[in-house]
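Structure first, commentary second.
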Amino acid sequence: MTTLQHNTTMSAVPEHAAWAGSQVLLLGVLDGTVGLNLVGWLAGLAYAVATWALLGGALQRSGTALGPADRVTLARGVLVGAVTALVVDRAGEGVPTTLVVVFTAVALSLDFVDGQVARRTGTASPLGARFDMEVDAFLILVLSAHVALALGPWVLLIGLMRYVFVAASWAAPWLSADLPSSYARKTVAALQGVFLVVAASGLLPRAEIVVGVALATLLWSFGRDTAWLYRNRPTLVAEAAAVEGCVHV
């Protein structure tokens, strides 16, 4: 994801408004086709308002504006809002599976597009990457909640894992340190959405096996990262440096 340095964030206001309008428009289309109850509308609108507020605040604090890849991420965000409304609205009963699968598949595909746009335009930034990650994480949470209604609450672990990790970092700040880039981590993260959308499609007779594999790979990935962060936590590194200094003395 990307953000472009900008002298003011005022220019982002119309863009945010356009994005929010697109979300409302898509919810209206869903209401007119498959139908949305009040709870579905509320879920979709709450998602839109929260995204608008959080992204706007982040842009204002950083003094940046949306970049080209961020706009792709915003498009993905609109689709995630639609999936959220559909899943919450039906709560596992009569969910239009085809729409959920199509919206999710397009959103997952665009996840590769925005990364390419960021690299080719040379406008990648930490804020853009964080925005991309949060959209991905919320989509996985919604999908895991949807699949959990059919397979059991254990599936929720897939969607909650990252949020639990973030919460744990409040008590153990060393968990929030930067991790080295890892192709394995990126692959595991990308596969979660693929596995969940396949399970949601109902095309496999034993979807729990696919979801179980997804959860196992995610546990391995988080476990590996946690172990690395623990070994490289500041206190341990400082102690090792002190011991090495004493040895040289």
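Start counting the sequence shown at 62; every next residue gets the next number (this note's numbering).
Cβ atoms here follow ideal geometry from the backbone N, Cα and C, with glycine treated the same way.
Out of the options, point me to the one whose CA is closest to residue i's CA.
i, options, result
"SER237", "ARG294, GLY93, PRO266 and GLU195", "ARG294"
"ILE201", "VAL208, GLY254, GLN84 and THR182", "GLY254"
"GLY220", "GLY213, ALA198 and ALA211", "ALA198"
"ASP286", "ALA250, PRO266, SER262 and GLY273", "ALA250"
"VAL161", "GLY118, VAL208, ALA130 and ALA136", "VAL208"
"SER167", "ASP150, THR184 and VAL144", "Correcting the residue identity first, residue 167 is Val in this sequence and not Ser. The residue with the shortest Cα to Cα distance from VAL167 is VAL144."
"VAL174", "GLU195, THR134 and VAL95", "THR134"
"LEU217", "ALA206, VAL148, THR248 and GLY176", "ALA206"
"ASP233", "THR296, LEU252 and SER243", "The sequence shown places Ala at residue 233, rather than the Asp named in the question. Measuring from the Cα of ALA233, the nearest candidate turns out to be THR296."
"VAL274", "GLY96, LEU252 and TRP289", "LEU252"
How would you write the range of the alpha helix (DSSP H) that residue i sits in, first residue to last?
i, result
"THR248", "244-262"
"GLY273", "268-292"
Run the CB neighbour count on residue i, radius 10 Å, all protein chains shown included, and call it buried at 16 or more, exposed below.
i, result
"ALA179", "buried"
"GLY101", "buried"
"ASP239", "exposed"
"VAL141", "buried"
"ALA277", "exposed"
"LEU257", "buried"
"LEU279", "buried"
"SER186", "buried"
"GLY263", "exposed"
"GLY118", "exposed"
Look up residue i in the DSSP assignment and say whether it is helix, strand or coil.
i, result
"THR134", "helix"
"ALA233", "coil"
"ALA185", "strand"
"GLY155", "coil"
"ALA238", "coil"
"LEU97", "coil"
"LEU120", "helix"
"GLY213", "coil"
"LEU200", "helix"
How far does the beta strand (DSSP E) with residue i in it extend, from its first residue to its last?
i, result
"LEU127", "125-127"
Measuring from the CB of residue i, is there a heavy atom of the ligand SAM at a distance below 6 Å?
i, result
"ALA114", "What this structure holds is no ligand at all, so the ligand SAM is not there to describe."
Keeping to the same chain, check which residues put their C-beta closer than 7 Å to that of residue i; ignore five residues upstream and five downstream.
i, result
"VAL304", "Bear in mind that the predicted position of VAL304 carries a pLDDT of just 42, short of 50, making it unreliable; the figure below should be weighed with that in mind. Result list for VAL304: empty, nothing under 7 Å."
Near residue i, which residues of its chain fall below 6 Å by C-beta distance, leaving aside the five closest residues on each side in sequence?
i, result
"LEU204", "LEU257"
By Cβ distance, which residues of its chain are closer than 8 Å to residue i, with the 5 residues on each side in sequence left out?
i, result
"SER282", "ALA245, ARG246, VAL249 and ALA250"
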